[in-house]
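Step one of this worksheet: look at the structure below.
Numbering (our numbering), first residue to last: 144 to 487.
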């Protein structure tokens with residue numbers, strides 16, 4: 144089924160390309176009459192070629208009386224063998240650079256890149272951002288029972304972590320307050336790992352200043368939180384609403400599935416992470432990636448780099464398989480290069 148693009152005759156290749164381009168532009172099945180004005184063949188001859196392409200698994204027809212649409216195999220063949228990608232048009236380049244080039248923190252620039260891609264592609268823009276270490280600002284400990292307490296950790300960036308921690312028997316509310324005050328006043332501004340090391344040193348050197356059992360408990364908690372925090376994906380998703388437009392009315396189930404899939408941040412981060420080693424854009428079409436197999440969605444992603452040429456993140460677009468690949472692929476690639484220039 145399918146095969147290489149070189150196995151198609153020139154006529155088959157031309158008609159196949161016209162069908163895919165028309166489908167990506169309109170999102171609806173393409174009939175032979177719609178192509179008759181673009182090629183010097185009769186509708187009957189075009190139908191015959193389209194039938195051959197269907198037998199090869201490159202086209203299919205969703206309804207008996209409808210025109211054809213490309214299969215996922217056909218889309219992959221088109222992307223790899225026919226599509227002519229270029230640079231984004233000057234308006235798109237200017238908009239991307241305007242969004243991310245403002246005087247703003249890098250986190251805001253990454254969010255802006257995601258929003259810019261979303262707006263220009265009419266799909267969801269995604270950015271897998273470099274990990275930022277959480278720095279402590281404040282710790283509160285609220286007793287819940289004789290053997291449990293609620294730890295509320297506030298980061299310098301305003302983030303809040305809530306954890307229920309187990310207490311040693313006999314740990315008093317006063318001991319918890321003492322440790323919480325020490326962490327807030329003496330460890331503020333440190334990363335979780337630095338705070339844990341400093342707290343353990345304080346336990347060793349000034350036992351009389353802190354309740355040892357409570358302090359050891361919190362030091363262990365800081366270590367666990369640090370490991371957990373470092374494993375979390377920093378994922379920015381913008382523009383899910385773009386996936387719902389007038390063209391999706393007949394395909395709402397697929398869109399709902401895609402929106403549900405976009406809630407799985409861990410899985411999206413894993414998928415984007417697989418594009419980290421790509422030399423440029425990597426394209427996943429439909430069931431080529433199991434995560435989006437149900438919704439039949441595509442992902443276009445490209446890595447961006449830091450000041451030493453190392454890959455620090457991935458930027459991309461998630462949308463229906465009828466994305467305009469020839470336009471969106473260079474757009475994603477340009478955004479990745481713009482972020483590399485910004486960070487470098």
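Think of the CB as a built atom: it goes at the ideal place given N, C-alpha and C, for glycine as much as any other residue. For clarity, every value in this text was computed on a predicted model and none was experimentally measured.
Taking C-beta separations shorter than 6 Å and ignoring five residues to either side along the sequence, the partners of residue 427 in its chain run 442, following chain order.
Between the region 430-437 and the region 178-196, the count of C-beta pairs closer than 8 Å stays below three; the two stretches do not touch.
The residue from 483, 468, 432, 477 with its alpha-carbon nearest to that of residue 221 is 468.
Looking at the backbone, the Cα of residue 370 and that of residue 401 are separated by about 31 Å. Taking 8 Å as the upper bound for CB-CB distance, residue 385 and residue 267 are in contact here, some 7 Å apart.
Rounded to the nearest whole angstrom, the CA to CA distance from residue 366 to residue 334 is 10 Å. Looking at 378, 315, 399, 397, the one whose alpha-carbon comes closest to that of residue 360 is 315. No Cβ-Cβ contact shorter than 8 Å links residue 357 with residue 307.
Counting along the chain, the unbroken alpha helix (DSSP H) around residue 168 starts and ends at 153-169.
Bridge partners of residue 462 according to DSSP: 441.
Around the C-beta of residue 287, fewer than 16 other C-beta atoms lie within 10 Å, and the residue is accordingly described as exposed. Assignment of residue 281 by DSSP, reduced to helix, strand and coil, places it in the strand class. For residue 381, the closest of 179, 260, 453, 246 by C-alpha to C-alpha distance is 260. Distance from residue 445 to residue 457 at the Cβ level is roughly 7 Å; contact confirmed, criterion being Cβ atoms closer than 8 Å.
Contact annotation, residue 483 with residue 239: C-beta distance approximately 13 Å; criterion of less than 8 Å not satisfied. For residue 269, there is no enclosing alpha helix (DSSP H); the enclosing beta strand (DSSP E) covers residues 267-271. Residues of the same chain with a CB within less than 6 Å of the CB of residue 281, apart from the 5 flanking positions on each side, are 297, 327 in chain order.
According to the DSSP secondary-structure assignment, residue 213 is paired through a beta bridge with 202. Taking the C-beta atoms as reference points, residue 342 is found no nearer than 8 Å to residue 319.
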